[in-house]
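At position 56 of the sequence shown (counting the first as 1) the number is 56 in my numbering, and the numbers step up by one without a gap.
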Amino acid sequence: MPYATVQDMIDEFGQREMLAIADLDGVGEINQARVENALSKASEQIDFSAGQRCSLPLVITSPSVATFLKQLCLDIARYRLTGSSGVTVTEEVRDRYKEADSKLEKIISGKIVLCELNAADGGDGGQGLQPGNLTAGEAYSEGADRIFTPGRMSDFMGSLK
Numbered sequence: 001m002p003y004a005t006v007q008d009m010i011d012e013f014g015q016r017e018m019l020a021i022a023d024l025d026g027v028g029e030i031n032q033a034r035v036e037n038a039l040s041k042a043s044e045q046i047d048f049s050a051g052q053r054c055s056l057p058l059v060i061t062s063p064s065v066a067t068f069l070k071q072l073c074l075d076i077a078r079y080r081l082t083g084s085s086g087v088t089v090t091e092e093v094r095d096r097y098k099e100a101d102s103k104l105e106k107i108i109s110g111k112i113v114l115c116e117l118n119a120a121d122g123g124d125g126g127q128g129l130q131p132g133n134l135t136a137g138e139a140y141s142e143g144a145d146r147i148f149t150p151g152r153m154s155d156f157m158g159s160l161k
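Next comes the structure, spelled out in structure tokens:
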């Protein structure tokens, strides 16, 4: 499910810009399917990043999180539309996309938290870094004792002095 709508795009960027990037046929109407496709792909990009830390679909319980996700979606979709419409990508469009991409990286690293790690009732709330929700980025390994320890390397280390 996209985090933003075609109307959100128009409200954010204006009718004129949307016609420039979403009316490839020059008929004077925004190609709704083209914009919806860009919004859907942007939302999938967000879900890919959020899915590294949260179970999907995201349960959005905060208006600020909803606004945050909508803005990410708008900026990513705008960049996609601009790049594929033959319109030169402006510095502002590129900067907003880079900022959105940086935020996605912060979501993956856990610096931006979109989901509750523990619900108020003590449960996991269906999201967060719970064993059933780990999808990537977590690893654990057991191995034999270390072969090269300071004690075993004393002859070698002594010869370097």
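Ideal Cβ positions, reconstructed from N, Cα and C, are used throughout, including at glycine.
Keep in mind the model is a prediction, meaning the values are calculated, not measured.
query, result
"Cβ neighbour criterion (16 or more within 10 Å) applied to V35", "buried"
"For M9, three-class secondary structure by DSSP", "helix"
"Enclosing alpha helix (DSSP H) for R53 [first to last residue]", "Per DSSP, R53 belongs to no alpha helix (DSSP H) and is neither H nor E."
"Cβ separation of L74 and E12, assumed to be a contact under 8 Å, to the nearest whole Å", "5 Å"
"Rounded Cβ spacing between S85 and I21 (contact assumed at less than 8 Å)", "4 Å"
"Where R16 falls, given that 16 or more other Cβ within 10 Å makes a residue buried", "exposed"
"Pair within 8 Å by beta-carbon distance, S64 and P2", "no"
"L56, buried or exposed, once every other Cβ within 10 Å from all chains shown has been counted against 16", "exposed"
"Test item: CB-CB of A50 and I107 under 8 Å", "yes"
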